[in-house]
Amino acid sequence: MPRHRPGHRFAVAATAAALVPLLFVSGCGEEGSGVADAGPSETDQPTDAGIETEDPADAAVGDWDAERKDRPAQGADVPRLTEVAVTEHEDHDRVTFAFDGSAPQVIASYVDEPPSGDVEPPELAGAHNLMVVLVGVDQESGLAPTDLTDTVREVRDFGIFEGELRVVLGLDTPGGGAPGFRVTGAEDEVVVDIAHEQAG
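Numbered according to full-length UniProt numbering, the sequence shown spans residues 1 to 200.
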């Protein structure tokens with residue numbers, strides 16, 4: 001028959017009593033939360049992923065396809081076109097329209113024929129006609145002859161009609177199809193990038 005050990009029983013009870021306050025303290029955080037306050041975690045800290053974002057004014061309209069592009073005006077004034085420049089890059093050519101004042105609304109789309117009114121449609125160099133309409137520009141706007149490339153074969157001013165300056169780009173590609181393009185810009189310029197290859 002086993003003998004009782006009062007001393008052993010007292011030691012176990014005392015140890016358990018000593019542990020109760022420790023468990024209570026470690027299990028409590030903020031009052032009423034019931035969750036320990038471990039301090040801010042990594043997910044709470046501000047992070048800097050180093051990702052650069054485009055300024056809204058510089059964001060591209062369209063994604064190198066042959067569809068119509070429409071970029072809104074960048075201000076409320078009446079801008080005057082002061083310069084048009086064509087520059088060649090590795091996989092695309094760039095046509096830059098610079099303005100005195102903020103950039104106007106621009107609509108760019110392929111057309112079967114350049115504007116002609118009541119006369120025979122004029123012939124432009126290049127197999128494809130990309131018309132760039134600059135909406136709400138000053139009546140004094142116009143463009144001077146500019147350098148050309150193998151892709152941008154002609155840049156022709158068709159004048160202002162009801163406040164819209166119409167410029168047609170005559171374009172070619174090695175494959176023969178219409179090249180993809182996109183429209184970007186800044187506060188005082190409109191940029192039309194034209195791919196060296198036809199749109200997929």
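Note that the Cβ used here is the ideal one computed from N, Cα and C, for glycine as well.
Bear in mind that the values here come from a model prediction, so they are computed numbers and not experimental data.
Identity of the residues DSSP links to residue i by a beta bridge
i      : result
Phe161 : Glu164
Val132 : Ala108, Val167
Asp93  : Glu88, Ile194
Leu81  : Phe99
Gly185 : Val190
Arg156 : Val168
Pro179 : Gln198
Distance between residue j and residue i (C-alpha atoms, nearest Å)
i      : j      : result
Gly163 : Val106 : 12 Å
Gly180 : Asp65  : 4 Å
Leu81  : Leu130 : 18 Å
Val111 : Arg68  : 10 Å
Leu165 : Gly175 : 30 Å
Val155 : Asp138 : 19 Å
Pro72  : Glu120 : 32 Å
Val191 : Ser116 : 25 Å
Gly185 : Pro145 : 21 Å
Asp70  : Ser102 : 16 Å
Status (buried if at least 16 other CB within 10 Å, exposed otherwise) for residue i
i      : result
Ala127 : exposed
Glu123 : exposed
Gly200 : exposed
Asp147 : exposed
Ala13  : Bear in mind that a pLDDT of 40 at Ala13, under 50, signals an unreliable position, so the number given afterwards is only what the model happens to contain. Answer is exposed; the Cβ neighbour count stays below 16.
Asp172 : buried
Ala178 : buried
Ser41  : Note that Ser41 scores 44 on pLDDT, short of 50, meaning its location in the model is unreliable and no value can be drawn from it.
C-beta atoms of residue i and residue j nearer than 8 Å
i      : j      : result
Ala108 : Glu189 : no
Glu88  : Thr149 : yes
Gly136 : Pro104 : yes
Val132 : Val167 : yes
Leu169 : Val152 : yes
Is the segment 83–94 touching the segment 187–197, taking contact as three or more C-beta pairs under 8 Å?
Taking a contact to require three or more Cβ pairs closer than 8 Å, the segment 83–94 and the segment 187–197 qualify as touching.
Counting pairs of beta carbons, one from the segment 68–77 and one from the segment 152–163, are three or more of them closer than 8 Å?
no
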